[in-house]
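Sequential numbering from 4 applies to the first sequence in the numbering used here. Beta carbons are placed, not taken as given, at the ideal position from N, Cα and C, and that holds for glycine. Only a predicted model underlies this, so the values are computations on that prediction, with no experimental measurement involved. Input: a single structure, listed below in structure tokens.
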Amino acid sequence: MESPDYNYLDSLNPQQRAAVEYCDGPSLVIAGAGSGKTRVLTYKIVHLLRHGLSPDRILALTFTNKAAREMKNRIAPLVGHHTASRLWMGTFHSIFLRMLRRHADRIGFKSGFTIYDAADTKSLIKLIIRELALDDKLYKASSIASTISNAKNAMMTPEQYAANYGDQDRKARRAMTSRIFEMYCQRCKAANAMDFDDILFYTNILLKDNEDVRDYYREQFRYILVDEYQDTNFAQHLIVSQISRPKNMLCVVGDDAQSIYSFRGANISNIISLEKVYPGLQTFKLERNYRSTKNIVNAAGSLISANTRQLHKEVYSENESGSPVEIISTYSDIEEAYVVANRINARKLSEHDSYEDYAVLYRTNAQSRVIEEALRKRNINYRIVGGTAFYQRKEVKDALAYFRLTINPDDDEALRRIINYPARGIGETTLKKLQSAASDADVSMWQILDNPDKYKLPVNSGTMKKLNAFHDMISDFIGDDGKSNAYELGQLIFNRTGILLVLAHDNTPESISRQENLSEMLAGLKEFVDIRLEEGDSNVKMTDFLSEVQLATDQDEKDKDDEKRVTLMTAHAAKGLEFKHVYIVGVEEELFPSSMAMSSLADIEEERRLLYVAITRAKESCVMTYAKSRFRNGQIKMMNPSRFIADINPKYLKFADSDDSPREKRHSPPENISLHSLHETSAHRHTGTNPIVNAPRPGLRKVSGAAPAGIVAQHTKDELAAGVKIEHGKFGIGIILSLGSISGEDSISVDFGVMGIRKLMLKYARFNILES
DNA sequence: TCTTCATAGTTTTTT
DNA sequence: ACTATGAAGA
């Protein structure tokens, strides 16, 4: 927006300006929520550029792709697109992945190495546990995965891990943990693969063991900026200190009160004891919040003051007082969603603003479903950020596995995934033989296939033929990668493997949507190639596409239409963003704080910071809701309000019952939502002491003639018969064909037309009876 | 070897 | 309510 001549320094307050202008040594900017942190970072980069620093000598590290994009977008108009594009700006992972590919040989990898995502990691660990014949109850793949991740983030090798934690593991009867860790590393190496943590781990190794490489980057990067420093783990901290030495020309920005990633190894002491690492560190504090009303800032401040461990900082606002933070209690999660949808609609009408001014934040992704349903019923446009990402869908991962295998045939996880997809008669037994031959020789499975004479595989000739056919197909892809660009290769792979054809065979809605996803992926690949072609890159390779895709967890919300939408996302994903109106749902014990994070004070404090982050996203209004009952794990569970509500000074709060919230709902109940049944249901739940209600409760519904209600009801056999018309939330309208049972539980078989014939268990299925 | 069906276990947050 | 796994049938 500002013109290039605009004096950027004038728009900063004294603290911000001091932070921007200080470029003589290491500096730390403690930036409270909404205090203009990104502004400082962007202007600081502008400042450096204006003082003659070349853009490719500035390294700016962020924590998320979103933050990197945001900063690029802010800088480009100030310094011009061309200059901005030459900055080294991105997430830790993307920047150092680039570095690692360039110097892969220095650390014993080939440049085309694969990135294993969390699913690959878990499946490999599972395999190792099985191979070692360990009890998978004792050795849980997910917990081993996080142990390994933590070790790597602390820069520990398997040997160092064994030395430090061996005794502890032995006491816990998990003495083999370090062995699993060790094998995991071997397998990754044999597969020419790195996981997310390896990117940071090996970057450190690369820099530590290769003086010339280290000096090269020390020379190149004259100034380093790091955003969200409170979220860095030890490995990241160490990378920064390796590159910045000896001059330590760096500026890190952070807020200890917003540290919410300790589960990924983030360590607040990185920021709290930064001065020890960088002597002469200058600290700047930004305490004025420009974003939110006084009420919001003070409410959040009083909440966070309940934490014991923090840097001193007094965040204040000079904005209007605004309205108090509202606390609404509802009977159920469904009603909660409905109240939020209602409030959004009502407020939008009175404020004449747009849906994009609204956000609904929750602790877990699973909570989005009910909210979505309520918003849909209200015809409110919304978009979900995060959640199951596009690239995690089964069919997409299958296609990607072919891409991966082409670039890096040693990628065992990819090979395992697709060696028999689409089915080509290579079964589990064969795969096991292949795997064991590979581990015996400490090579990848591809090496076995590629050298059948060297490694004899004990399979019959028919199987060998199938294996060879697979091998030859992949070899062709590999050959094609040398000649064609990424899109051409992608097309070839789609055609040769028949992954689309296989789906085209049946006409279920799932397979249709899978086909669409695959087509979308191919279109995405084409776009990727086209953009680069336009930019003059004549030979866009598949490996470039993979590098980008494998680190892209948040799909670049390509909102093609400029439809204004309410944003739905987790509190974690909301960090760094702001909205005029924020609704935080599910502020309940065991949910927020999460039941997984209630065992230690440190856990609780992190959850509290997370809620602090959520509240401080709001500019004008903030509403928190909690439900007294909630559908979780297939059961309705009674919930209690979060302890955090009591932490907030009540003078900044206003308590409301869903009953006295907008009364329009009683006058004009929205079509499709039966508040009636909600209230009646919850009244039952509420009286008496029944802690958990999970059985279908007959007799609450007026069946015949009732207007279609929200898809909330459970039913018993007595109400149903063949021929009855029902409406299901997911499958739509259908006719009951027959009553039956699945493993002793009542069930019905329903014809949903295009959605197919489905068997539903009455115990779980939630649908409405339309007519009998 | 592949498919179908039944059962058990499961949900925190993300690069 | 969903997925991952295991067993039985084709």
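For Leu503 against Asp230, the beta-carbon gap comes to about 41 Å, at or over 8 Å, which does not count as contact. Here Ser645 is not near Tyr655, since their CB atoms are 8 Å or more apart. Taken through DSSP and simplified to helix, strand or coil, Tyr205 comes out as helix. Closest in C-alpha terms to Leu289, from the list Gly283, Arg42, Gln171 and Asp533, comes Arg42. Within the same chain, Ala303 and Cys625 come within 6 Å of Ile618 by CB-CB distance, once the 5 residues on both sides are set aside. Of all C-beta pairs linking the stretch 177-196 to the stretch 443-455, three or more are shorter than 8 Å, placing the two stretches in contact. Taken through DSSP and simplified to helix, strand or coil, Leu506 comes out as helix.
With respect to Ala144, Lys155 sits apart: the two C-beta atoms are not nearer than 8 Å. DSSP, reduced to helix, strand and coil, places Glu222 within a helical segment of the structure shown.
Excluding the 5 residues flanking it on each side, Ile132 has same chain C-beta neighbours closer than 8 Å at Asp139, Tyr142, Ala144, Ile147 and Ile183, in chain order.
Minimum Cα-Cα distance from Thr65 among the listed residues Leu528, Val82, Gly93 and Asn76 corresponds to Gly93. For the pair Asp533 and Phe548, the Cα-to-Cα distance works out to about 12 Å. Straight through space, the alpha carbons of Thr546 and Pro282 are spaced by roughly 42 Å.
Assigned with DSSP and collapsed to three states, Leu613 falls in helix. Taken in chain order, the complete alpha helix (DSSP H) segments of 4 residues or longer contained in the stretch 467-515 are 489-500 and 502-507.
Around the beta carbon of Met627, 16 or more other beta carbons lie within 10 angstroms, which makes this residue buried. Secondary-structure assignment with DSSP links Gln638 through a beta bridge to Arg635.
Distances from the CA of Ile78 to each of Thr67, Leu90 and Asn68 were compared; the closest alpha carbon is that of Leu90.
Beyond the five residues adjoining it in sequence on each side, Val543 comes within less than 6 Å, by CB distance, of Asn488, Ala489, Val532 and Arg535 in the same chain, given in chain order.
In the DSSP assignment, the residues bridged to Tyr319 are Arg291.
Straight-line spacing of the CA atoms in Ile61 and Thr86 works out to 11 Å. A residue is called buried when at least 16 other Cβ atoms come within 10 angstroms of its Cβ; Ser335 meets this threshold and is buried. Of all alpha-carbon atoms in His240, Gly589, Tyr361 and Ile607, the one lying nearest the alpha-carbon of Ile307 is that of Ile607. Judged by DSSP secondary structure, Arg646 falls outside any beta strand (DSSP E) and instead within the alpha helix (DSSP H) spanning Arg646 to Asp650.
The count of Cβ pairs closer than 8 Å, one atom from the stretch 404-416 and one from the stretch 104-119, reaches three, so the stretches are in contact.
The alpha-carbon of Gln638 is positioned some 56 Å away from that of Lys457. DSSP places Cys26 outside any alpha helix (DSSP H), giving it a letter other than H or E. Excluding sequence positions up to five before and after Pro29, its CB lies within less than 6 Å of the CB of Asn251, Leu253, Tyr281 and Leu284, all in the same chain and listed in chain order.
For Val727, the secondary structure class from DSSP, reduced to helix, strand or coil, is coil. Beyond the five residues adjoining it in sequence on each side, Gly169 comes within less than 8 Å, by CB distance, of Ala178 and Ser181 in the same chain, given in chain order. The C-beta of Ala71 has 16 or more other C-beta atoms within 10 Å across all chains shown, which makes the residue buried.
Selection Tyr232, Ile271, Ile275 and Lys211 evaluated against Arg248 yields Lys211 as nearest (Cα-Cα). Here Gly737 is bridged, per DSSP, to Ile729. Ser244 and Arg109 have their C-alpha atoms spaced approximately 20 Å apart.
Per the coordinates, the alpha-carbon of Leu403 lies some 12 Å from the alpha-carbon of Phe393. Within a 10 Å sphere around the beta-carbon of Lys40 sit 16 or more other beta-carbons, which makes this residue buried.
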